[in-house]
Amino acid sequence: MFDNGEMNDLATVLRRPADDKLAAAHSAAARVRRLHGGQSDTRTLETLPALSGLLPGGALRAGAAYSVTGSTALAMALMAGPSAAGAWCGVVGLPGFGAEAAAGLGVDLDRVVLVPEPGAGWRSALAALVDALTMVVVQPPADMVVTGPEASRLGARLRARGGVLVVCGTWPACEARLSVSELSWSGLGAGHGHLTGRQVTVLAQGRGTAVRPRRTRLWLPGADGEIRPVEDTPLVDPAEPGWVHEAAG
Amino acid sequence: MIAWFPDWPVTAARQAAGCPADTPVAVLDRGRVMACSVSARASGVQRGIRTRDAQSRCPDLVVLPYDPAQDARAYEPVVSALEALVPGVEVVRPGTCAVRARGPSRYYGGDAEAGESVAGRLAAQLAGAGVTDCRIGVADGPFAAEQAARATTPGEHRVHVVSPGGSGRFLAPLPVSVLERPDLADLLRRLGLRTLGAFAELPAADVLARFGLDGALAHRLARGQDERAVAARRPPPELDQRVAFDAPVDRADQVAFSVRGAADEFVAGLAGQGLVCTTLRVEVRTDSGAVHTRRWLHPRWFDAVDVVDRVRWQLEGSRGSGEELTAPVVQVRLVPDEVDTHGAHGDGLWGGGPDEQIHRALSRVQSMLGHHAVVTPVVGGGRGPADRQTLVPWGDRPRPRWPAGQPWPGSLPAPLPATVYPELRPAVVLSADGRSVGVDGRGVLTAEPAQFAPDTDLRPVAAWAGPWPVEERWWDEAATRRLARFQVVGVDGSAWLLVVEGGRWWTEACYD
Numbered sequence: 008m009f010d011n012g013e014m015n016d017l018a019t020v021l022r023r024p025a026d027d028k029l030a031a032a033h034s035a036a037a038r039v040r041r042l043h044g045g046q047s048d049t050r051t052l053e054t055l056p057a058l059s060g061l062l063p064g065g066a067l068r069a070g071a072a073y074s075v076t077g078s079t080a081l082a083m084a085l086m087a088g089p090s091a092a093g094a095w096c097g098v099v100g101l102p103g104f105g106a107e108a109a110a111g112l113g114v115d116l117d118r119v120v121l122v123p124e125p126g127a128g129w130r131s132a133l134a135a136l137v138d139a140l141t142m143v144v145v146q147p148p149a150d151m152v153v154t155g156p157e158a159s160r161l162g163a164r165l166r167a168r169g170g171v172l173v174v175c176g177t178w179p180a181c182e183a184r185l186s187v188s189e190l191s192w193s194g195l196g197a198g199h200g201h202l203t204g205r206q207v208t209v210l211a212q213g214r215g216t217a218v219r220p221r222r223t224r225l226w227l228p229g230a231d232g233e234i235r236p237v238e239d240t241p242l243v244d245p246a247e248p249g250w251v252h253e254a255a256g
Numbered sequence: 241m242i243a244w245f246p247d248w249p250v251t252a253a254r255q256a257a258g259c260p261a262d263t264p265v266a267v268l269d270r271g272r273v274m275a276c277s278v279s280a281r282a283s284g285v286q287r288g289i290r291t292r293d294a295q296s297r298c299p300d301l302v303v304l305p306y307d308p309a310q311d312a313r314a315y316e317p318v319v320s321a322l323e324a325l326v327p328g329v330e331v332v333r334p335g336t337c338a339v340r341a342r343g344p345s346r347y348y349g350g351d352a353e354a355g356e357s358v359a360g361r362l363a364a365q366l367a368g369a370g371v372t373d374c375r376i377g378v379a380d381g382p383f384a385a386e387q388a389a390r391a392t393t394p395g396e397h398r399v400h401v402v403s404p405g406g407s408g409r410f411l412a413p414l415p416v417s418v419l420e421r422p423d424l425a426d427l428l429r430r431l432g433l434r435t436l437g438a439f440a441e442l443p444a445a446d447v448l449a450r451f452g453l454d455g456a457l458a459h460r461l462a463r464g465q466d467e468r469a470v471a472a473r474r475p476p477p478e479l480d481q482r483v484a485f486d487a488p489v490d491r492a493d494q495v496a497f498s499v500r501g502a503a504d505e506f507v508a509g510l511a512g513q514g515l516v517c518t519t520l521r522v523e524v525r526t527d528s529g530a531v532h533t534r535r536w537l538h539p540r541w542f543d544a545v546d547v548v549d550r551v552r553w554q555l556e557g558s559r560g561s562g563e564e565l566t567a568p569v570v571q572v573r574l575v576p577d578e579v580d581t582h583g584a585h586g587d588g589l590w591g592g593g594p595d596e597q598i599h600r601a602l603s604r605v606q607s608m609l610g611h612h613a614v615v616t617p618v619v620g621g622g623r624g625p626a627d628r629q630t631l632v633p634w635g636d637r638p639r640p641r642w643p644a645g646q647p648w649p650g651s652l653p654a655p656l657p658a659t660v661y662p663e664l665r666p667a668v669v670l671s672a673d674g675r676s677v678g679v680d681g682r683g684v685l686t687a688e689p690a691q692f693a694p695d696t697d698l699r700p701v702a703a704w705a706g707p708w709p710v711e712e713r714w715w716d717e718a719a720t721r722r723l724a725r726f727q728v729v730g731v732d733g734s735a736w737l738l739v740v741e742g743g744r745w746w747t748e749a750c751y752d
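These protein sequence lines map, in sequence, to chains A and B.
With the working numbering, the residue at position 158 of the first sequence is 165, and numbering never jumps.
With the working numbering, the residue at position 270 of the second sequence is 510, and numbering never jumps.
Set out below in structure tokens:
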């Protein structure tokens, strides 16, 4: 019948379409990587240790957008890591940004720029800031709907620049959605004490391999001002409430 | 030759304050009268007395602060006017100029004629600026010439000429205090040497041995042997630009468009000197005669587009609600208030650093949305969370409203609210029986809060603390505040900072 040589030839012929497809896919992937900066898949930004457990990949990924709902403090905490490492941060559309609270969470105010009320020009303001700053926090106006194409255009700029976008609200294409629920404050009684710390549950839902939601209980912030995961043992001795001394002033 | 304008600080301060020429004026430096006008002096005001004494001697005295920069700035037009008459002017101090006398006296045919002519023309040219009194002294050296100028009187005898070689004789009867060396003058007086003439008679070698180098120099001045030459200044190049409109313009965008060419020339003129402008002063003159001046800082330096932006922002800031300006603009003047050498601000070989990109992006947003749209937060002192943070427009100097570092009793303990509303929002706090909760004059609650509505909907109170009373600035009627703060947590876990002020509840901040 057939000798070995012919057999091999036939096998090559039969296999070729699949190989071609694979090669085409590889070259397309390489082209995407080239276009969007060689390492955009792997570069990460400094992240607070307490938050790294929430995020897919364990850190803020350069070029990604994150959505935060239910807490401005959590958005500030996401800013704190890159800001402390020397990055410039921009905040668009948050007229009530509490600068002192942000500083308390570790944001360096010397490198923070606010555009509190951009009005109708918020898209162009956001685009200009994304082009220049490493970290941008934005709250889209309530009556504006961000469409998918808009988000993907902004996403391309983010990837090219290696910046991170944190959206207070919903966003069509984001790396992870963080939502805060089950808040419980400590330190405040019925007519006495003052707020000292709070525990929250952060629900993080990523995409791709991280699509399964993860729940984490966090101190945001704890009585010492730090953000950290809640452990089972009580961190403050209930026998001696800390507020007695402080509230006297 | 010395040109002297008596009481220059008074003239300058009067110009700045816009006082009429005949009001008695005193200029104060550190609580004491530093200079006063002729009319004030006539009622007994003297240099060195305290403000209170001066005001008791002359009740309608106008008291103005001393500002050396203002002094020098007001003197500049005078120097330019003098430079137009005689070349080679040295500014000894604001109010006094030295000029080499040889040229003018040859031109005008004698020292006295030259002095008269210069004084007359200067007085005529500068009368509009409130400068009326100009005295001239001519002598062998600047020191003797200045004393000669001081020996003049207003009116007819406004020029005093000391004949060549006669300086020593002229100076001899003057007291030693004119040397402006208080320690030396005091010592000389105690030695019985009360006049320059008596001092001048001492042998030069002995003076050097006893009083040192500075004493020897004073000795030569007293003898009229003042060899110091006049160090003529080079007139500074004209760097400011002005745009005048024949027909007054009443739209900000039209003004900004017309200023574009001048802005280009302004930046190019500075670049020609190897300079860049870091602080710009924009003066806008309207047809009502008012001049609106504003200084603009720049984190780097102004290019032409930045200059046009600043002019536009300044006009937009001064206009009313509509697009039209409150008064039509007749003239715009661009003055470089602070300049720096180009080398200190040049771009690197591979372009600027990352900060430059950031600055460009922020300036672009600023030119889209306005100067106050892009701000940097500064944390200062204060009790309320909104008082503590100041939002400074990008490019301005970051300075908090109230100084940080003071104790500020009554300020909030950490953690601080993440959202601080720029304006208070109305809130409702109700007791268990549905009545509004109040705080009485002694800071006691009328009832325990049971329900509250920090935004729109009512919710039960889970925990609360307060009232934390604050009584601020009771000494200032316009800024005084008397309020009490509360922290309230709802059953949904949200925490709020509420304020009760004047019987009404407000939401100040949210711990979100």
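Think of the CB as a built atom: it goes at the ideal place given N, C-alpha and C, for glycine as much as any other residue.
Computed from a predicted model, the values in this text were never measured in an experiment.
Less than 8 Å between C-beta atoms, sequence neighbours within five positions excluded: which residues of the same chain meet that for residue i?
i, result
"Asp527/B", "Pro488, Ala567, Pro568, Val569, Val570"
"Pro102/A", "Pro123, Glu124"
"Leu136/A", "Gly97, Val99, Val120, Val122, Val143"
Closest by CA to residue i, which one among the options?
i, options, result
"Ala321/B", "Cys298/B, Ser296/B, Ala359/B, Arg292/B", "Ala359/B"
"Asp493/B", "Met241/B, Ser607/B, Ser651/B", "Ser607/B"
"Pro236/A", "His33/A, Ala57/A, Asp26/A", "Ala57/A"
"Trp553/B", "Val495/B, Ala438/B, Asp351/B, Ala341/B", "Val495/B"
"Glu238/A", "Leu67/A, Val143/A, Val207/A, Ala109/A", "Val207/A"
"Val378/B", "Val516/B, Arg468/B, Ala354/B, Tyr306/B", "Ala354/B"
"Thr291/B", "Ala266/B, Ala309/B, Tyr306/B, Val278/B", "Ala266/B"
"Gly111/A", "Pro653/B, Val728/B, Ala503/B", "Pro653/B"
"Leu479/B", "Ala456/B, Asp504/B, Leu457/B", "Asp504/B"
"Arg333/B", "Pro246/B, Val615/B, Pro655/B, Ala445/B", "Pro246/B"
"Asp549/B", "Gly328/B, Thr435/B, Leu520/B", "Leu520/B"
"Glu187/B", "Leu515/B, Gln465/B, Arg699/B, Val483/B", "The requested residue 187/B does not occur in the structure, where chain B is confined to residues 241 to 752."
"Gly213/A", "Gly60/A, Lys28/A, Leu133/A, Ala30/A", "Gly60/A"
"Arg313/B", "Gly335/B, Arg450/B, Asp446/B", "Gly335/B"
"Pro422/B", "His532/B, Ala352/B, Asp580/B, Asp454/B", "Asp454/B"
"Arg160/A", "Arg130/A, Val143/A, Thr79/A, Thr54/A", "Arg130/A"
"Gln646/B", "Arg628/B, Thr372/B, Arg474/B, Pro633/B", "Arg628/B"
"Cys96/A", "Ala211/A, Ser186/A, Thr141/A", "Thr141/A"
"Asp307/B", "Cys750/B, Ala275/B, Ala458/B, Arg713/B", "Ala275/B"
"Ala92/A", "Leu52/A, Trp226/A, Thr216/A", "Leu52/A"
"Thr79/A", "Arg68/A, Ala158/A, Glu157/A, Ser188/A", "Ser188/A"
Tell me, which residues are paired with residue i by DSSP?
i, result
"Glu712/B", "Arg721/B"
"Glu330/B", "Ala338/B"
"Trp736/B", "Val728/B, Cys750/B"
"Gln212/A", "Arg184/A"
"Pro89/A", "Paired residue(s): none; Pro89/A is not in a bridge."
"Pro666/B", "Trp746/B"
"Phe692/B", "Val669/B, Arg699/B"
"Trp248/B", "The partner list for Trp248/B (beta bridge, DSSP) is empty, contrary to what the question assumes."
"Gly97/A", "Val120/A, Val143/A"
Cutting at 7 Å between CB atoms, please list the residues of its own chain near residue i, excluding the five before and the five after it.
i, result
"Arg744/B", "none"
"Gln727/B", "Trp704, Ala705, Gly706, Ala735, Leu737"
"Ala702/B", "Val729, Gly730, Val731"
"Trp644/B", "According to the sequence provided, residue 644/B is Ala. The question's Trp does not apply to it. Closer than 7 Å at the Cβ level, and outside the excluded window around Ala644/B, lie Val619, Gly620, Gly621."
"Pro709/B", "Gly683, Ala724"
Where in the segment 576-649 of chain B do unbroken runs of the alpha helix (DSSP H), each at least 4 residues long, occur, reported from the N-terminal end onward?
List check, alpha helix (DSSP H) in window: 582-585, 594-609, 625-628.
Please specify which runs of the beta strand (DSSP E), each continuous and at least 3 residues long, are wholly inside the segment 170-202 of chain A, giving them in chain order.
Within the segment 170-202 of chain A, complete beta strand (DSSP E) segments of at least 3 residues are found at 171-175, 183-195, given in chain order.
Closer than 9 Å between beta carbons: that is the criterion. Which residues of the segment 101-112 of chain A meet it against chain B?
Listed in sequence order: Leu101, Pro102, Gly103, Phe104, Gly105, Ala106, Glu107, Ala108, Ala109, Ala110, Gly111, Leu112.
Whole runs of the alpha helix (DSSP H) within the segment 332-407 of chain B, excluding any shorter than 4 residues
DSSP runs (the alpha helix (DSSP H)) wholly in the segment 332-407 of chain B: 342-348, 351-366, 382-390.
Check each residue of the segment 648-661 of chain B: if its Cβ is closer than 9 Å to any Cβ of chain A, include it; give the result in chain order.
Of all residues in the segment 648-661 of chain B, Pro649, Gly650, Ser651, Leu652, Pro653, Ala654, Pro655, Leu656, Pro657, Ala658, Thr659, Val660, Tyr661 have a Cβ within less than 9 Å of some Cβ in chain A.
Identify each residue in the segment 604-615 of chain B for which the Cβ-Cβ distance to at least one residue of chain A is less than 8 Å, and report them in chain order.
So the list reads Arg604, Val605, Met608, Leu609, Ala613, Val614, Val615, given in the order they occur along the chain.
Proximal residues, the segment 286-306 of chain B versus chain A, C-beta separation under 7 Å:
Under the 7 Å Cβ criterion, the segment 286-306 of chain B contributes no residue.
Mind checking the segment 622-646 of chain B against chain A and listing, in chain order, the residues whose C-beta falls within less than 8 Å of any C-beta there?
Taking 8 Å as the Cβ-Cβ cut-off, the segment 622-646 of chain B approaches chain A at Pro625, Arg628, Gln629, Leu631, Trp634, given in chain order.
Within 7 Å of chain B by C-beta, residues of the segment 79-90 of chain A in sequence order
Listed by position, the residues of the segment 79-90 of chain A near chain B (Cβ gap below 7 Å) are Thr79, Ala80, Met83.
Output the residue ranges of the beta strand (DSSP E) runs that lie fully inside the segment 106-170 of chain A and measure 3 residues or longer, sorted by chain position.
Fully enclosed beta strand (DSSP E) runs of 3 or longer: 119-122, 142-145.
Given a limit of 8 Å on CB to CB distance, which residues of the segment 176-205 of chain A reach chain B?
Listed in sequence order: Glu189, Leu190, Ser191, Trp192, Leu195, Gly196, Ala197, Gly198, His199, Gly200, His201, Leu202, Thr203, Gly204, Arg205.
Closer than 7 Å, Cβ to Cβ, to anything on chain B: give me those residues from the segment 125-148 of chain A, in chain order.
Taken in chain order, the members of the segment 125-148 of chain A whose beta-carbon sits within less than 7 Å of a beta-carbon on chain B are Pro125, Gly128, Ser131, Ala132, Ala135, Leu136, Asp138, Ala139, Leu140.
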